[in-house]
Structures are given as C-alpha cells and as structure tokens.
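Asks: Take a look at this one; I'll ask things after.
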Amino acid sequence: ELKVEQNPLFLSMQEGKNYTIYCNYSTTSDRLYWYRQDPGKSLESLFVLLSNGAVKQEGRLMASLDTKARLSTLHITAAVHDLSATYFCAVDARNSGGGADGLTFGKGTHLIIQP
Amino acid sequence: DTEVTQTPKHLVMGMTNKKSLKCEQHMGHRAMYWYKQKAKKPPELMFVYSYEKLSINESVPSRFSPECPNSSLLNLHLHALQPEDSALYLCASSQVGREAYEQYFGPGTRLTVT
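Okay, structure coming up:
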C-alpha cells in the first residue's frame, strides 16, 4: 500500500521567516505533485516534479525531489501572510507510467503565517 | 482554458433521494477523476476514467455510480447515501500518457446528507 507522509502537519510561523515542509513516500516513483488548498476551496496545482533532482521555484516557494530518498521538500522563503493555506503533496497511486493514475495525498500541512 | 467546472456547488439530500453531480472540462483531457474529501482530511481517490472507460474503482460502495458520457463530461450518480457520505466531492482531469501530467481540479460540490 502506498503511503505518503508529510510533516509537520501544522505549522505556525511569522512573516519573513523560512521553513521547509517534508514529504516522504513509500513507493518507487519519480512523479511528485504539490497542491495548495485554501479553506473551503478546491486544490490549486503548485508544482509537478518529474525526476530525481528536480527543483522548481515559483515566487517564495521552491520544491525539490530526491527519488532515491523518496523525499520531496517544499521550502518557503521569507513567508508572507498570503501563503497561509494547507499544502498537500501527492504521488501517483499506481505509477503505471502508461495511463491515468489517481493520486495518493499526504495528510496535508496546515500553514498559518502571522504578521 | 484550464477550467474544470462542477455543478451544483452545494447539495443537500435525504438518504432516500437520488441525485447526480456533474463535471465538465474542455481542455481535451482524456482522463477524469472523482475524489472525496472529508473536513480536515486529504482527498481520497474514488474513480478514474481513461478514454471514457472506467479504469480504477477504489472499492467505492455501489450507492455511488460514476458515468462518463463523453470525453468532456463526468457524472456521479448518488442513491441511498448515508450521513457519513457528507463531504466535498472533487472532480479532476488530466492528459493521459507516460509523462506526468498534473491534474486540474474543479471547485467541488459540497454534499450534505441528512
């Protein structure tokens, strides 16, 4: 059974600080996804990481993937209040590589950034 | 256009009712998905359609019946639901193939079963 573990599950931090969210998964996969969810809203795609060593950056967020360690990180630089949300990592459930696979999500990291 | 639309936005139904959720996309995606999300939990996969054929059913109770009439539409028919089925139902779509394609999510239907 595929397991996706995120930590921390809850994070309260001040504006201007840096922090990292970790995502470990139990299967061999080179495809890792990060999503953002605001309260009462749907999921917004942030990053798709396709291979070992992949690094992507968008604004104050940077995501990386280490397939050997089965670990992805989401790094927040100089946090601002607007980044407060729940962040999910997800892995292809079957990683069949040839068709449509559903995603298995981590439990999510509830991030609160205080002024 | 990267939009997935879902109707209705909210639905309240009794345990003896029959209702349907609708999802639509016009991005040319050939894979469509239903997820269920309970409050403060991650989304859980229910069904996957690939080229209009059901390819994954995650042991979902038969009171949930998916249907994919064409490549742009996905329905979820609901019958004799239980209060514990109250949740946010999310539809998503993506391309299909060996590449990793991100899934685009719709806004969801918030379902309450009374």
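For the record, the sequence lines run as chains V and S.
Per our numbering, residue 67 is the first one in the first sequence, and the count goes up by one each step.
Per our numbering, residue -6 is the first one in the second sequence, and the count goes up by one each step.
C-beta: ideal position from N, C-alpha, C; glycine also.
1) Is it true that the segment 52 to 65 of chain S meets the segment -5 to 3 of chain S, where meeting means three or more beta-carbon pairs spaced less than 8 Å apart?
2) In the structure shown, what three-state DSSP assignment does V/D104 receive?
3) Where in the segment 69 to 150 of chain V do unbroken runs of the alpha helix (DSSP H), each at least 4 residues long, occur, reported from the N-terminal end onward?
4) Roughly how many whole angstroms lie between the Cα atoms of V/F171 and V/E71?
5) Is S/S87 near V/A166, with beta carbons less than 8 Å apart?
6) Is there a Cβ from chain V that is less than 8 Å from the Cβ of S/L83?
7) Here's the rule: buried if 16 or more other CB atoms are within 10 angstroms of the residue's CB, otherwise exposed. What is V/Q180?
8) Let me know the secondary structure DSSP gives V/D158 once reduced to three states.
9) Can you name, in chain order, every residue of its own chain whose Cβ lies under 6 Å from the Cβ of S/T0, other than the five neighbours on each side?
10) Quick check on this structure: which residue in V/H176, V/L177 and V/F154 has the alpha carbon closest to the alpha carbon of S/E37?
11) Taking Cβ-Cβ distances shorter than 7 Å, what residues in chain V pair up with S/V41?
12) Would a C-beta distance cut-off of 8 Å place V/L98 and V/V157 closer than the cut-off?
13) Is there a Cβ from chain S that is less than 8 Å from the Cβ of V/L127?
14) I want to see whether chain V comes within less than 8 Å of S/M87, judged by CB atoms only; does it?
15) Run through DSSP, which three-state label would S/E77 get?
16) Alpha carbon to alpha carbon, what distance is there between S/G21 and S/S64?
17) I'd like to confirm the pairing. Which residues does DSSP put opposite S/C16 in its beta bridges?
18) My assumption, with CB atoms under 8 Å, is that S/T105 sits in contact with S/V5. Please give the rounded CB distance.
19) Report yes or no: is there a C-beta of chain V within less than 8 Å of the C-beta of S/Q96?
20) Beta-carbon of S/L67 versus every beta-carbon of chain V: anything under 8 Å?
21) Apart from the five residues on each side of it in sequence, which residues of its chain come closer than 8 Å, Cβ to Cβ, to V/R126?
Replies: Here's the rundown:
1) no
2) coil
3) none
4) 8 Å
5) Yes, they are a contact pair.
6) yes
7) exposed
8) strand
9) K15
10) V/F154
11) A166 and G168
12) yes
13) no
14) Note that residue 87 of chain S corresponds to Ser in the displayed sequence, not to Met. At least one chain V Cβ lies under 8 Å of S/S87.
15) The answer is helix: DSSP assigns S/E77 an H, G or I state.
16) 8 Å
17) S/C16 pairs with S/Q(-1) and S/L67.
18) 5 Å
19) Closer than 8 Å to some Cβ of chain V, the Cβ of S/Q96 qualifies, so yes.
20) At a cut-off of 8 Å between beta carbons, S/L67 makes no contact with chain V.
21) These residues qualify, in order along the chain: I142, T143, A144, A145, V146 and L149.
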